[in-house]
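Contents: one structure, followed by commentary.
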Amino acid sequence: MSLAVPDLPDEAPGWQRIAHRVVHHSVAQTLIVTAIVLNGIVLGLQTFDFWSPQTYRILDLTDRVFLSIFVVEIAVRFVAYGCRPGRYLRNGWNAFDTVVVLLAVLPIVAGNSSVLRLIRVLRIARLARVMPDITVLLDGLRRVARPAATLMALTALMVFLYGMVGIFLFAEGAPQYFGNISRAMLTLFELLTLEGWNDILHELISVRGAVGGLYTISFVLIGTYIVINLMVAVVISSLDEAHKERIRTRHDDTADLHETLDEMNGLVERLQRRLAELERDRPGPTR
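Going left to right, the sequence shown walks through residues 1 to 287 as UniProt numbering numbers them.
Dropping the structure here:
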């Protein structure tokens, strides 16, 4: 996805065409990307506490300059859309950019340093729109949402069932892990992350012997090596489908272009044949 806007309609006025050319110009796009990157560097430099007050003022002034550049960019892009808010905001990236940039200039936000820092950080996220193949990634995430929700529901059900069994088996001997359902589910979530799972394993073995070991190991195997791997497989499959869809779309666009070119070539050939026939049928010069 790029910073470009859709093609202009034939009836577009001159001012819209000028803004459209500016937005599409490679120098303008390079300038915006560079400004976003440099703005991120400035925000990072502001996190250090060893600068002098004068340096902090310079960094803050530089951040304001970048904010002005972004405001001008949004204004020009809005003009390139024909100053039509509905058409402009129909693009999700345009809505995101506008909200992030304009919030930084609101007095109520500018007076709150914590919120202002968050808004400044979100400005750097605008760089995602110029990253290559970002549309493939977003399409893949859209495709993975439904099966991922199903897997998450199954995981939650598995954690709840194992938690109830764990309370029955270990509530008296290990109440810090299975004293109630909330502690039990939190313990099982820690097992899913494999964070300190061996400590929990030895604790449960000391409470219930082999039953504790079988309980912990079975949950780790099912939860980590099956459910998590299924999630990874679903994500990879969705991204692969999104990538193939993009290739198919590009192929269709190329095929349409070739078909149009073939039709034009056929029309030119028919015109050439017609001109040749007219040339043969033209009477010769009279003497």
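Positions of the beta carbon are idealized from the N, C-alpha and C atoms, including for glycine.
None of these values were measured; they are calculated from a predicted model.
Between the CA atoms of residue j and residue i - distance to the nearest angstrom
i, j, result
"Arg90", "Met158", "41 Å"
"residue 304", "Ala210", "Past the boundaries of the shown model lies residue 304; the chain is included only from 1 to 287, so the question cannot be answered."
"Trp197", "Ile228", "16 Å"
"Ile236", "Asn265", "43 Å"
"Ala171", "Phe178", "5 Å"
"Ala28", "Leu278", "52 Å"
"Met1", "Tyr56", "At Met1, the pLDDT of 43 sits below 50, so the modelled position is not reliable; the number obtained from the coordinates is stated separately. Roughly 35 Å separates the two Cα atoms."
"Gln20", "Phe70", "Note on residue identity: the sequence assigns His, not Gln, to residue 20. Looking at the two C-alpha atoms, the distance is approximately 16 Å."
"Ile167", "Gly212", "12 Å"
"Leu61", "Asn39", "11 Å"
"Leu45", "Leu59", "8 Å"
"Arg123", "Ile36", "7 Å"
"Ala145", "Tyr162", "25 Å"
"Pro53", "Ile32", "29 Å"
"Val88", "Tyr81", "Correcting the residue type first, residue 88 is Tyr in the shown sequence and not Val. Tyr88 and Tyr81: Cα-Cα distance of roughly 6 Å."
"Ala174", "Asn180", "11 Å"
"Glu241", "Arg280", "58 Å"
"Leu230", "Pro147", "10 Å"
"Thr187", "Ala153", "18 Å"
"Leu67", "Ala125", "14 Å"
"Ala156", "Ala149", "10 Å"
"Val49", "Ile119", "The sequence as given places Asp at residue 49; Val does not occur at that position. Distance between the alpha carbons of Asp49 and Ile119 is about 21 Å."
"His24", "Asn94", "15 Å"
"Ile247", "Phe189", "39 Å"
Boundaries of the alpha helix (DSSP H) in which residue i is found, first to last residue
i, result
"Gln29", "Ser26 to Leu45"
"Asn180", "No alpha helix (DSSP H) contains Asn180, which DSSP labels as neither H nor E."
"Val71", "Pro53 to Ala80"
"Asp199", "Trp197 to Arg208"
"Gly173", "Element bounds for Gly173: n/a, residue is neither H nor E."
"Gly86", "Pro85 to Leu89"
"Thr98", "Gly92 to Leu103"
Nearest-angstrom beta carbon gap, residue j and residue i [assumed within contact, 8 Å]
i, j, result
"Leu261", "Gly223", "So it is not a contact: roughly 56 Å between Cβ atoms."
"Thr216", "Ile226", "Rounded, the Cβ-Cβ distance is 15 Å, inconsistent with contact."
"Trp15", "Val72", "With a Cβ gap of about 15 Å, Trp15 and Val72 do not count as contacting."
Any non-hydrogen atom of the ligand ZN closer than 8 Å to residue i Cβ
i, result
"Gly209", "With respect to the ligand ZN, the structure shown offers nothing to examine, as it has no ligands at all."
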